[in-house]
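In my numbering, the protein residues as written are 20 to 206.
Reviewing the structure listed below.
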C-alpha cells in the first residue's frame with residue numbers, strides 16, 4: 020500500500036456521492052428499470068489541492084430479477100444486457116441460473132451490475148479503487164442480492180494505447196474485484 024504522505028489527501032476524507040438517473044416523466048417504478056446509478060468519489064477537504072479533489076467515478080446499474088419483470092426487455096445501451104442474458108439468467112425460467120442462485124444468500128431479487136470504474140490519474144495505483152468500489156456496493160447492498168461485473172480486455176480498449184495494455188488492465192481489474200469478494204463464475 021502506498022504511504023499516506025504520497026497521496027493527494029487523507030483517503031478517510033473521501034466522500035461517495037450517489038446519483039440516480041431517470042427521466043422526469045417516469046413516474047412508475049417500472050419506467051426506470053433497470054436503475055442507473057453514478058457514484059462520484061471526491062475529497063471534501065481544504066487540505067487537498069482543488070485539482071486532486073476528484074478521486075473517481077463508478078457507473079452501476081441495478082436490475083430486477085423477478086420473473087414478472089422481463090429483464091430481457093430492458094435497454095442498457097451496452098454489453099450489460101447481453102452479459103446478463105447469456106451468463107446469469109436461465110432462459111427457460113427467466114430467473115437466475117440455478118448454479119448462481121445456489122451460491123448466494125437470499126435477498127432482494129435484484130443485482131448490481133458494475134459497468135465502469137475510473138479513478139483520476141493522481142489516485143490510480145494507490146490501492147483505493149477496490150475499497151471505494153466496495154464502499155459503493157455496500158451502500159447499495161440492502162437493495163440487491165448480488166453484484167456482478169464483466170472483465171474483458173474489450174472494455175479497456177478505449178482507454179488503453181494497445182491490446183496488450185487493455186489485456187493487462189482487465190487482469191488488474193479482475194484482481195481488484197477478487198480482492199473485494201467477487202468470484203469468477205464462468206470463463
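Glycine included, each C-beta is placed from N, C-alpha and C at the ideal position.
- Residue 37 counts as exposed, since fewer than 16 other beta carbons sit within 10 angstroms of its beta carbon.
- The three-state secondary structure of residue 189, taken from DSSP, is helix.
- Going by beta carbons, residue 77 and residue 62 fall outside the 8 Å limit.
- Going by C-alpha positions, residue 169 is about 17 Å away from residue 56.
- Look at the region 32-68 and you find these whole runs of beta strand (DSSP E), each 3 residues long or longer: 33-40 and 54-62.
- Remark: C-beta atoms of residue 136 and residue 166 do not approach each other more closely than 8 Å.
- When secondary structure is reduced to three states using DSSP, residue 170 falls in the coil class, being assigned neither helix nor strand.
- Counting only runs that start and end inside the region 119-168, the alpha helix (DSSP H) elements of at least 4 residues fall at 148-159.
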